[in-house]
Structures are given as C-alpha cells and as structure tokens.
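Sequential numbering from 18 applies to the sequence shown in the working numbering.
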Amino acid sequence: CCRAAAYCLHPRVVLWSVAPVLIAGLLVGGLAWWQGDAMVAAVRATLEGWPWMQAVFGWLEGFGLGAVREWIAPVLLLALAVPLMVVLALALVAMLMTPAIVGLVAQRRFPALQRREGAAWWQVWAWSLVSAVIALVVLALSLPLWLLPPVALVLPPLVWGWLTYRVFAYEVLSAHASADERRRIMGTQRSTLLAMGVIAGFMGAAPTLLWAAGAATLVLAPLLLVVSVWLYTLVFAFAAAWFAHYALAQLQALRDAEQVAAAAQRDIPLLLPVADGPPTGTADAGASPDAGAGRAPDGRDTPMPGADDAPTPAGGDAPPQR
C-alpha cells in the first residue's frame with residue numbers, strides 16, 4: 018500500500034495520468050456544456066409526468082420548499098452521472114495507465130519475473146467490458162434503494178470495489194502470468210484482492226463529497242465534473258499500482274514454491290518395491306555366512322561357543338577352576 022502511494026508520485030505515473038484526465042475531462046465537460054440543459058429538461062419532464070411526483074411536489078410546496086422543484090432534476094442527473102464517471106475513469110486508467118504501471122513495478126521490483134502472456138489485449142478488454150456492464154446493471158437495478166441513506170453510502174462503493182477487483186486483478190496478471198497461474202492466484206487470493214478493491218471503491222467514493230455543497234454545485238457543475246474525474250483517475254492509478262505490487266509478489270512466490278518443490282522431487286531417491294522373498298534360484302545367494310551356525314548336519318542344534326568356554330586340554334583334564 019505504501020509502495021503504491023509512492024508510485025503515484027513517480028514522475029512517469031504523473032505524466033501517464035494526464036491522458037486519462039484530458040480525455041475524460043473533455044468528454045464529460047463537453048457533454049455537460051453541449052447537452053446539459055437538454056438533459057436537465059428531459060429529466061424534469063420525466064419527473065413531472067409521474068403522478069406520484071406531482072404529489073411530492075405539492076407536499077414540498079406546502080412546506081415552503083417549492084424551490085426544490087427547480088433543482089431536483091439537475092441533482093438527479095448528477096447522481097446518475099457519477100457512476101458513469103467512475104466507470105469511465107476506471108476504464109481509461111485500465112487501458113492507458115495500468116500496463117505502464119505494471120511494467121514499471123516489474124522493472125524496478127521484479128526484474129527476473131518472466132512474462133508468459135496468459136491473456137491477449139482483446140481478452141483483457143472483453144473481461145473489463147463485461148465486468149463494467151454487470152456493475153452498471155447492478156447499480157441501475159439498485160437505484161430505488163439509494164433513497165435509503167445507509168444503502169446509498171455503502172452499496173455504490175461495494176459495486177465499484179468489485180469492479181476494481183475484477184478489472185485490475187485480471188489486467189495486472191495478464192502479461193506476466195499464464196492462464197493457469199492467473200486463475201490460481203485469483204482463486205486463492207480472492208478475499209484479499211476483493212478487500213483491496215472494496216477499499217479502493219470507498220476511496221473512489223470520496224470525490225462524490227464535492228457534490229454535497231448544495232445549490233452551489235449546480236453553478237460549478239462543469240468544473241466539478243472535471244475535478245471529480247481527476248480525483249477518480251488518481252484513486253484508480255493508486256489501485257492499479259497496489260494491485261500490481263501485490264499480484265506480482267504472489268506470482269513470484271508461486272513460481273518460487275514450484276521451483277522448490279521440483280528441486281526437492283529431483284533429490285528424492287527412487288524407491289523400488291521389494292519382493293516378499295528372494296528370486297528363484299538365488300535362495301542361498303544372499304544368505305549370511307553365519308546363517309547355518311549352531312545347527313548340526315543332522316538337524317540338531319549345537320551350542321555356540323561362548324566367551325567363558327575354553328578348549329579342553331589334550332589329556333582330557335578339565336582346566337583348573339578359579
């Protein structure tokens with residue numbers, strides 16, 4: 018985490034962040050300037066076409082809050098635009114910055130790590146696109162729940178965190194890991210990677226606080242949109258560096274463990290199965306020279322000479338007793 022934060026201040030990373038900010042800023046700011054009034058009018062017309070919204074507006078006017086009717090459409094439009102800006106910033110960072118950040122981390126920290134190209138660029142883009150569509154669908158289906166304050170504060174960062182985990186974990190490992198290594202790491206480290214993504218998702222929710230200033234945000238909306246995109250880009254650049262450090266370290270550890278296991282397997286001697294008895298025709302070949310000691314030719318046991326036994330003298334006299 019500290020390494021990732023330090024990498025965000027690297028001159029190369031700062032330079033690489035210019036392109037996503039410019040592209041996203043031009044897209045968001047240009048769209049707001051070109052079609053902002055038309056989109057606000059469309060949202061206002063949609064709200065006024067709902068009978069239950071007319072009842073809500075009447076209730077607000079009864080409490081002297083009739084001015085809310087004028088700015089509720091712009092606020093709702095901004096609330097709908099924030100998830101799109103998050104996904105746009107994430108996609109731009111993934112496409113334009115993440116490969117360069119991964120290369121920088123690998124060059125400086127893992128110079129001996131082999132590139133195995135487990136996924137092509139189109140597979141990475143397809144994976145990111147499918148993940149982004151799933152996240153947007155979940156956010157769209159959960160919009161009614163956003164009226165509940167706890168859900169509105171927790172659910173979007175969780176969805177963005179899941180999307181961050183899916184996109185960055187896959188892309189960081191796509192160049193250096195094989196397909197099997199990528200699946201193993203994303204499977205065994207799923208909880209940790211998801212937790213990292215959720216933390217990044219809650220960090221990405223911080224720029225949303227810029228829109229909590231009230232009606233002043235409507236006047237400064239074009240500028241705040243660009244600033245929000247820049248903050249989102251910075252957060253996701255940090256997330257890309259964080260995922261690069263962690264995932265490449267796990268990949269290096271996995272390969273080191275495989276090398277140790279392979280070396281240990283080569284050093285183990287080959288143990289062949291032993292038969293129950295000696296081969297036919299060689300029953301006496303491996304017999305000990307002392308195997309027949311203590312047995313007479315007629316099959317009777319004979320005593321073994323002991324340490325206290327002395328040879329009998331030729332005259333037949335027993336040796337003197339001590």
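Ideal placement from N, C-alpha and C gives every residue a C-beta, glycine not left out.
{"Query": "May I ask you to report which of helix, strand or coil DSSP gives A222?", "Result": "coil"}
{"Query": "Determine, using beta-carbon pairs with one atom in the region 66-79 and one in the region 94-101, whether at least three such pairs fall under 8 Å.", "Result": "no"}
{"Query": "So within the region 56-95, which uninterrupted alpha helix (DSSP H) runs reach at least 4 residues, ignoring any that extend past its ends?", "Result": "68-79"}
{"Query": "What separation, rounded to the nearest whole angstrom, lies between the Cα atoms of L113 and A281?", "Result": "43 Å"}
{"Query": "Out of L32, Y24, V35, A49, state which residue places its alpha-carbon closest to the alpha-carbon of L242.", "Result": "A49"}
{"Query": "Beta-carbon within less than 8 Å of R86's beta-carbon, same chain only, minus the 5 sequence neighbours each way: which residues are those?", "Result": "F74, L77, E78"}
{"Query": "Quick check: the region 50-63 against the region 260-280, are at least 3 beta-carbon pairs closer than 8 Å?", "Result": "no"}
{"Query": "Using CA coordinates, which residue listed in L93, V189, R199, I216 is at the minimum distance from V176?", "Result": "I216"}
{"Query": "Please identify the residue among R132, A72, A270 whose C-alpha is closest to the C-alpha of V189.", "Result": "R132"}
{"Query": "Look at the Cβ atom of A250, then the Cβ atom of V38, and state whether they are nearer than 7 Å.", "Result": "Checking the sequence shown, residue 250 turns out to be Thr, not Ala. Cβ atoms of T250 and V38: closer than 7 Å."}
{"Query": "For V57, which residues of its own chain have a beta-carbon under 8 Å away from its beta-carbon, when the five flanking residues on both sides are left out?", "Result": "A90, P91, L94"}
{"Query": "Taking Cβ positions, are I40 and A261 nearer each other than 7 Å?", "Result": "no"}
{"Query": "So, using beta-carbon positions, are A136 and S195 closer together than 7 Å?", "Result": "no"}
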